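Novice: Just passing along the structure, written as structure tokens.
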Amino acid sequence: MNKERSLSAMIIKFIIGIVLLWISRNYLTKHPAEKEAITSWFSIMFTNLEARFYGIWRWESSTISYKHQLQNRYDDLMQAVVYIPSCEWTEVITTMRSTRDELYSLSLDEFETDMTRHYARYLEFQQQVDSLCE
Numbered sequence: 006m007n008k009e010r011s012l013s014a015m016i017i018k019f020i021i022g023i024v025l026l027w028i029s030r031n032y033l034t035k036h037p038a039e040k041e042a043i044t045s046w047f048s049i050m051f052t053n054l055e056a057r058f059y060g061i062w063r064w065e066s067s068t069i070s071y072k073h074q075l076q077n078r079y080d081d082l083m084q085a086v087v088y089i090p091s092c093e094w095t096e097v098i099t100t101m102r103s104t105r106d107e108l109y110s111l112s113l114d115e116f117e118t119d120m121t122r123h124y125a126r127y128l129e130f131q132q133q134v135d136s137l138c139e
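Going by the working numbering, the first residue of the sequence shown is number 6, and it counts up by one from there.
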């Protein structure tokens with residue numbers, strides 16, 4: 006008798022959990038800013054954990070933080086370009102995306118040797134966007 010009650014209580018809790026997940030999913034599909042806030046939190050936590058991990062094995066963990074900041078700047082710039090209606094962005098966004106993907110695939114040692122070149126490339130893209138999207 007006691008096992009039947011605990012089984013029925015677990016089934017009821019499971020059904021309530023499924024309903025709450027369904028409500029949350031519907032809310033997040035209707036409010037993309039909330040969804041972005043939740044997903045960016047995971048990205049920030051992953052970046053912090055990765056920086057701490059590299060801080061244990063390497064002397065300086067600022068390289069990984071700088072790499073993630075530059076990747077986020079590329080993402081933000083691409084999103085800004087897409088949402089500006091007067092912008093002729095097709096060629097710029099294609100080259101920017103390939104450069105960003107290249108940046109994602111670099112190891113930390115490769116990134117550390119060419120840090121200034123990657124930042125200069127980002128600044129070039131930013132100037133192109135400013136000139137195209139006035």
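Even glycine gets a Cβ: it sits at the ideal position worked out from N, Cα and C.
Predicted model only: the values in this text are computed from it and were never measured.
Taking contact to mean 3 or more Cβ pairs, one atom from each stretch, closer than 8 Å, check whether the segment 95 to 111 and the segment 52 to 60 are in contact.
Specialist: They do not touch, by the three-pair rule.
Novice: Do you know how far the Cα of L33 is from the Cα of V87?
Specialist: For this step, residue 87 is matched to residue 82 along the sequence shown. For this step, residue 33 is matched to residue 28 along the sequence shown. Approximately 22 Å, taken between the alpha carbons.
Novice: Can you tell which of T100, F116 and D114 has the C-alpha that lies nearest to the C-alpha of E129?
Specialist: Mapped onto the sequence shown, residue 129 falls at position 124. The residue with the shortest Cα to Cα distance from E129 is T100.
Novice: For V24, count the other beta carbons within 10 Å of its own beta carbon; 16 or more makes it buried, fewer makes it exposed. Which is it?
Specialist: As a first step, residue 24 must be located in the sequence shown, where it is residue number 19. The residue in question, V24, is exposed, as its Cβ has fewer than 16 Cβ neighbours within 10 Å.
Novice: State the Cα-Cα distance for the pair Y127 and F51, rounded to the nearest angstrom.
Specialist: Within the sequence shown, numbered from 1, the residue matching residue 127 stands at position 122. Within the sequence shown, numbered from 1, the residue matching residue 51 stands at position 46. Near 23 Å, if we compare the C-alpha coordinates of F51 and Y127.
Novice: The alpha helix (DSSP H) with H73 in it runs from where to where?
Specialist: The sequence position of residue 73 within the sequence shown is 68, counting from 1. S67 to Y88 is the extent of the alpha helix (DSSP H) around H73.
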